[in-house]
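> Starting off with a structure, shown below.
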Amino acid sequence: MTVTATPTAGKGLLSPTDHTLLLVDHQSQMTFATASIDIAILRNNTALISAAARDFQVPAILTTVAEKSFSGPLFSEIKAAFPDEPVYDRTTMNAWEDAQVTDAVNRSGRSRIVIAGLWTSVCIVGPTLSALDQGFEVFVITDASGDVSVEAHERAVQRMIQAGAQPITSLQYLLELQRDWARGETYDTTTAAALQFGGAYGVGLQYARAMLGEHAREG
Numbered sequence: 091m092t093v094t095a096t097p098t099a100g101k102g103l104l105s106p107t108d109h110t111l112l113l114v115d116h117q118s119q120m121t122f123a124t125a126s127i128d129i130a131i132l133r134n135n136t137a138l139i140s141a142a143a144r145d146f147q148v149p150a151i152l153t154t155v156a157e158k159s160f161s162g163p164l165f166s167e168i169k170a171a172f173p174d175e176p177v178y179d180r181t182t183m184n185a186w187e188d189a190q191v192t193d194a195v196n197r198s199g200r201s202r203i204v205i206a207g208l209w210t211s212v213c214i215v216g217p218t219l220s221a222l223d224q225g226f227e228v229f230v231i232t233d234a235s236g237d238v239s240v241e242a243h244e245r246a247v248q249r250m251i252q253a254g255a256q257p258i259t260s261l262q263y264l265l266e267l268q269r270d271w272a273r274g275e276t277y278d279t280t281t282a283a284a285l286q287f288g289g290a291y292g293v294g295l296q297y298a299r300a301m302l303g304e305h306a307r308e309g
């Protein structure tokens, strides 16, 4: 069998136009028992993917559980990125069992779901398995999600992978949407998000710009 290499992206890669971002229960009370990831890192990573979705104009669905009576508000970083987006409050642990959420998914008209939230083993496993069962393709941002223990988070991720979900990370999400530094229309917003929320990579960008000035461009 002969195969030919062509300079085109694989179909498995995400693009800004093929998916919806679903952020589930990044709320105050949900963080109190989260032990699988440092909360400062979780908030930073959540801010990074929120900024990426905003800048690449990816539809975002924001949902909470018992916001007023128990779990508290969404992270401020999410609301800063999406100040005009509605927040769908639920009673269901599985967001996919709430018609507000599935109606929003249907309005987006996209067959891929990128999801993150708290806790991984309940509020992320539920919609992930449900979406997969209904024919959606699901990507889970594992470092913008967390659980009550490392064991709970890792088993949940394994379970979702076995069901067909694909794990990714927050910085991977940002850079997969950009994918080519010659894409000038999103170069500045991508590097701005990386500078603010990209950890060591962002520090490297800061250093390069300080040392090289206008010549410090990856494209």
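If you read the sequence shown in my numbering, its first letter stands for residue 91, the second for the next number, and so on. Cβ atoms here follow ideal geometry from the backbone N, Cα and C, with glycine treated the same way. Because the structure is a prediction, the values reported are computed rather than measured.
(1) Bridge partners for Pro257 per DSSP, in chain order?
(2) Quick check on the DSSP output: what are the complete alpha helix (DSSP H) runs of length 4 or more inside the segment 135-221, in order along the chain?
(3) Ordered along the chain, which non-local residues of its own chain (more than five positions away) have a Cβ less than 6 Å from that of Tyr178?
(4) Can you look up Val114 in the DSSP assignment and give me helix, strand or coil?
(5) Rounded to whole angstroms, what's the CA-CA distance from Val132 to Leu112? Just pull it up for me.
(6) Taking all protein chains shown into account, do 16 or more other C-beta atoms lie within 10 angstroms of the C-beta of Ala142, making it buried, or fewer, making it exposed?
(7) Look at the alpha carbon of Val240 and the alpha carbon of Ala123, and state the distance between them as a whole number of angstroms.
(8) Please list the terminal residues of the continuous alpha helix (DSSP H) segment that includes Ala284.
(9) Among Asp145, Ala283, Ser126, which residue has its Cα nearest to the Cα of Gly207?
(10) What three-state label does DSSP hand Gly236 in the structure shown?
(11) Between the segment 149-163 and the segment 264-272, can you find at least three pairs of beta-carbon atoms closer than 8 Å?
A quick look at the data gives this:
(1) In the sequence shown, the residue the question calls residue 257 occupies position 167. Answer is Val230.
(2) Counting only runs of 4 or more, we get 166-171, 189-198.
(3) Here residue 178 refers to the residue found at position 88 when the sequence shown is read from its first residue. Only Thr153, Gln190, Val191 meet the Cβ criterion.
(4) Taking the first residue of the sequence shown as 1, we reach residue 114 at position 24. Strand at Val114.
(5) Here residue 132 refers to the residue found at position 42 when the sequence shown is read from its first residue. Here residue 112 refers to the residue found at position 22 when the sequence shown is read from its first residue. Going by the sequence as given, residue 132 is Leu instead of Val. If you take the alpha carbons of Leu132 and Leu112, they lie about 16 Å apart.
(6) Indexing the sequence shown from 1 puts residue 142 at position 52. Burial of Ala142 is indicated by the presence of at least 16 other C-beta atoms within 10 angstroms of its C-beta.
(7) For this step, residue 240 is matched to residue 150 along the sequence shown. For this step, residue 123 is matched to residue 33 along the sequence shown. So the alpha carbons of these two residues sit roughly 12 Å apart.
(8) What you label residue 284 is simply residue 194 of the sequence shown in a count that begins at 1. Unbroken alpha helix (DSSP H) run through Ala284: 274-287.
(9) For this step, residue 207 is matched to residue 117 along the sequence shown. Selected option, being the one with the closest Cα: Ser126.
(10) Here residue 236 refers to the residue found at position 146 when the sequence shown is read from its first residue. DSSP places Gly236 in strand when its eight states are reduced to three.
(11) no
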